[in-house]
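For reference, the structure discussed in these notes is given below.
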Amino acid sequence: MRLSKMFIPTVRETPSEATAESHKLMLRAGYVRQLAAGLYIYLPLGWRVITRINRILREEMDAIGAQEVSMPVLQPAEQWQQTGRWFDIKEEMFRLKDRGGRDMCLGMTHEETMTWLASREIRSYRQLPQIWYQIQTKLRDEARPKSGILRTREFLMKDSYSFDASVEGLRESYKLHEDAYHRIFTRCGLKFYQVESDTGMMGGAIAHEFMAPSPSGEDDIILCAACGYQANVEVAGSVPPAASFDEETPYEDVHTPEKRTVEEVSRFLKEPPEHFIKSILLIAGEGPVLALLRGDQQLHEKKLQRLTGPFRAAGKPEIREILGVEAGFIGPMDHEGIRIIADPVLRTGVYITGANKPHHHRKGVRAAVNFQAAWHDIHVAAGGDGCPRCGAALRVEKAIEIGNIFQLGTKYSKALNAVFLNESGAEEPIIMGSYGIGPARIAAAAIEQNHDRDGIIWPDAISPFDVEIIPLGAGDSPEVESAAWDLYRELDKNGTEVLLDDRDLRAGVKLKDADLIGIPRQIIIGERNLKEGFVELKDRRTKEVRRIRPAMAPDALKAAGGE
RNA sequence: CGGGGCGUAGCGCAGUCCGGCUAGCGCACCUGCUUUGGGAGCAGGGGGUCGGAGGUUCGAAUCCUCUCGCCCCGACCA
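This note's numbering numbers the first residue of the first sequence as 12 and each following residue consecutively.
If you want it as structure tokens, here you go:
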């Protein structure tokens, strides 16, 4: 491809709205343009990257026996109503009516449609298993689109769905995807982790996310180097660092005038936060719940929500009414008929907590002796905590979610009556899994993980081109120009994807642009070197330059992995 | 949805607090000459009515009201 014929609008200055590195570079290097919040146009270079990623997705999905289909983006409300998600999902779903007044929506994912198809067509266990996938546009009216291409309202997704006759079958389909995903992300040149994740409103029991570490990531993941435990903080367990206590502390009240927060009391009494019990009153659907945490820990709302259902913080008047205490001086002792959920770290130790009377805290408080509670992990895991499996110190990293896999079970098949007859002629619901990958996120994560001050450094497999030929001063030197074209034809003939910068521009501009665009290898043809029979092969990442004979270029590229 | 910030030429910005001549600067763009291995130099030139609407005023980019858009933090993220 000739650069002069290709639309690659590079810019020197970064548009001010971009903050994520990948976003800045994609704008500067002419890969994308923004149409509106969360809506992006892919320019020729950007689309080539997406196309290459999609090719890898197709190859690996086909390799596990998955079959590509294409589903409508515009969908009737009916199936969504049958699964209940029409009502569970709020503003995030784009809804509209057709001319006949029928409720429709734009697909944000395709469980409903895929399951509907299965319900119509699958009759017998003999037709199972099936894996169907598509690479299709999804639409979600995101509360806050952000970070360029990372969180958009319209995006491409590879989504596949498995249909099995048994739980064992589901596990196999899940494993196939797990392995395929590892191959896909490895081929795309990404550093990534597979972590345990929340099933969220997808339902089902087991789920994993594939996470590409990056400072622009929206998720925190918890990692144990010792045993390999890896989980999203959404679900990660941990053992907070042990604290030491004075076992002799008497059970008595201390005067703490106007000291309400753990921080205030901690400073006032000169006791570290881990010697305190934080008591938080919440109002759940079933009524008030008192949550207990160690003073240095944070309440993990999602973990608690799994126990109590949705809740909200109690207001000050409610606290007085329900507990008879002023906010800031709540303790877990002596409450009748209120559900108390405590983090297990509080099982041992001697604590300070609110005395249930104004301006007083109580010392010497022990679990089981002074209060009873149901024990559940309700704290946020943090770096430095102990691993829940092996006890070693945990690490936290920010990461971009590039893929996820869910064991759905029968949630959708039951709702949409997708059933089959088993070997003994009995009707059973199909057992499903669903599996997603965001191609744009792969591209963004690749840039986040592979760039330098000068621009993008594409991993070989997803670079828009394999090599860029940069003739310098071609306009004045027919030799340079014809050498460039000879090389171009030669490489092209081999199936190498070549970008030739045939623009009549100064050397500096071409070299800067080449670094920005980020094709992993450059062949620079200059007059002086050419007179001696050489061109330069430059590695974008290392900046290492080798003088080679033009005839050696195809082999040299192959050796460098640039095919 | 809560909090914050920003909309002035294609891009990046100054001017706004404290209204006052033809609204500036850099980059990009056009013309000419010179230059040509890391975003060239000189000279000349084109382009904006200040996000939009309404108001205050002799006078509004600047003050007031409303509104639209974009970004960031949080909530949310099926």
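Note that beta-carbon positions come from the ideal geometry of N, C-alpha and C, so glycine has one too.
For the segment 390-400 against the segment 238-249, are there 3 or more C-beta pairs whose distance is under 8 Å?
Taking 8 Å as the limit for Cβ pairs, the verdict is that the segment 238-249 does touch the segment 390-400.
Could you check which residue in Tyr204, Arg106 and Ile75 has the C-alpha nearest to that of Gln141?
What you label residue 141 is simply residue 130 of the first sequence in a count that begins at 1. Cα-wise, what sits closest to Gln141 is Ile75.
If you draw a straight line from the C-alpha of Leu405 to the C-alpha of Ala218, how long is it?
Your numbering for residue 405 matches position 394 in the first sequence. Your numbering for residue 218 matches position 207 in the first sequence. Roughly 21 Å between the two C-alpha positions.
Compute the beta-carbon to beta-carbon distance between Pro261 and Leu301, rounded to the nearest angstrom, for a pair I have assumed lies under 8 Å.
As a position in the first sequence, residue 261 is number 250, starting the count at 1. As a position in the first sequence, residue 301 is number 290, starting the count at 1. Contact doesn't hold; Cβ gap of about 24 Å is too wide.
Check for me: the beta strand (DSSP E) holding Thr223 runs from which residue to which?
As a working mapping, residue 223 is identified with position 212 in the first sequence. According to the sequence displayed, residue 223 carries Ala and not Thr. Where Ala223 is concerned, the enclosing beta strand (DSSP E) stretches over Ala218 to Pro224.
Taking only three categories from DSSP, how would you classify Met563?
Translated into positions along the first sequence, residue 563 becomes position 552. If DSSP states are grouped into helix, strand and coil, Met563 belongs with the helices.
Consult DSSP for Pro489 and reduce its assignment to one of helix, strand or coil.
Here residue 489 corresponds to residue number 478 of the first sequence, with the count starting at 1. It is helical.
Which value, in whole angstroms, describes the spacing of the CA atoms of Gly573 and Asn540?
Here residue 573 refers to the residue found at position 562 of the first sequence. Here residue 540 refers to the residue found at position 529 of the first sequence. Residue confidence is low: Gly573 scores 49 on pLDDT, short of 50, so the model does not pin down where it sits. Its coordinate-derived value is still stated next. Their Cα atoms are separated by approximately 22 Å.
Quick one: what does DSSP say Met37 is sitting in, helix, strand or coil?
By one-based count along the first sequence, residue 37 stands at place 26. Three-state result, Met37: helix.
How long is the line joining the alpha carbons of Thr30 and Met119, rounded to whole angstroms?
Indexing the first sequence from 1 puts residue 30 at position 19. Indexing the first sequence from 1 puts residue 119 at position 108. In a straight line, the C-alpha of Thr30 is about 26 Å away from that of Met119.
Candidates Lys542, Ile534 and Gly449: which alpha carbon is nearest Pro489's?
Here residue 489 is taken as the residue at index 478 of the first sequence, counted from 1. Of the listed residues, the one whose Cα sits closest to Pro489 is Lys542.
Tell me the DSSP bridge mates of Gly466?
For the purposes of this step, residue 466 is taken as residue 455 along the first sequence, with counting starting at 1. BP columns for Gly466 point to Asp463.
Could you please give the first and the last residue of the uninterrupted beta strand (DSSP E) stretch that includes Leu150?
Here residue 150 refers to the residue found at position 139 when the first sequence is read from its first residue. Looking at the DSSP string, the run of the beta strand (DSSP E) that includes Leu150 is Gln141 to Leu150.
What three-state label does DSSP hand Gly159 in the structure shown?
Here residue 159 refers to the residue found at position 148 when the first sequence is read from its first residue. If DSSP states are grouped into helix, strand and coil, Gly159 belongs with the helices.
Could you work out which residue in Asn433, Arg552, Lys521 and Pro531 is closest to Arg137 when comparing CA atoms only?
Residue 137 sits at position 126 when you count from the first residue of the first sequence. Checked all of Asn433, Arg552, Lys521 and Pro531; the closest Cα to Arg137 is Asn433.
So, do the segment 312-319 and the segment 385-397 have three or more beta carbon pairs nearer to each other than 8 Å?
Output reads yes: the segment 385-397 touches the segment 312-319.
Please report the distance separating the alpha-carbon of Tyr204 from that of Glu459.
To locate residue 204, count along the first sequence from 1; it is residue 193. To locate residue 459, count along the first sequence from 1; it is residue 448. The straight-line gap from Cα to Cα measures roughly 15 Å.
Report yes if the CB atom of Val546 is closer than 8 Å to the CB atom of Ile536, and no otherwise.
One-based indexing of the first sequence puts residue 546 at position 535. One-based indexing of the first sequence puts residue 536 at position 525. Going by C-beta atoms, Val546 is nearer than 8 Å to Ile536.
Would a C-beta distance cut-off of 8 Å place Gly420 and Ala216 closer than the cut-off?
Position 409 of the first sequence holds residue 420. Position 205 of the first sequence holds residue 216. Cβ distance < 8 Å, so Gly420 and Ala216 count as in contact.
By DSSP, does Tyr172 sit in helix, in strand, or in coil?
One-based indexing of the first sequence puts residue 172 at position 161. Note: Tyr172 maps to strand in three-state DSSP.
Once DSSP output is grouped into helix, strand and coil, what is the label at Leu334?
As a working mapping, residue 334 is identified with position 323 in the first sequence. Looking at Leu334 - three-state DSSP - the assignment turns out to be helix.
Below 8 Å between beta carbons: does that hold for Ala525 and Ile67?
In the first sequence, counting from the first residue as 1, residue 525 sits at position 514. In the first sequence, counting from the first residue as 1, residue 67 sits at position 56. Going by C-beta atoms, Ala525 is not nearer than 8 Å to Ile67.
Going by DSSP, what residue range makes up the beta strand (DSSP E) through Tyr185?
Taking the first sequence and counting its residues from 1, one reaches residue 185 at position 174. Where Tyr185 is concerned, there is no enclosing beta strand (DSSP E), although the alpha helix (DSSP H) it sits in stretches over Val178 to Arg198.
Assign Met115 to one of three DSSP states: helix, strand, or coil.
To locate residue 115, count along the first sequence from 1; it is residue 104. Met115: strand per DSSP, three-state reduction.
Between the alpha carbons of Glu492 and Met563, how many angstroms are there, rounded?
Here residue 492 refers to the residue found at position 481 of the first sequence. Here residue 563 refers to the residue found at position 552 of the first sequence. Between Glu492 and Met563, the C-alpha separation is close to 18 Å.
So Thr126 is in the alpha helix (DSSP H); what residue range does that whole segment cover?
What you label residue 126 is simply residue 115 of the first sequence in a count that begins at 1. Counting along the chain, the alpha helix (DSSP H) containing Thr126 begins and ends at Glu122 to Glu132.
Classify Gln309 as helix, strand or coil using the three-state DSSP reduction.
Translated into the one-based positions of the first sequence, residue 309 becomes position 298. In the structure shown, Gln309 sits in coil (DSSP, three-state: anything other than H, G, I, E or B).
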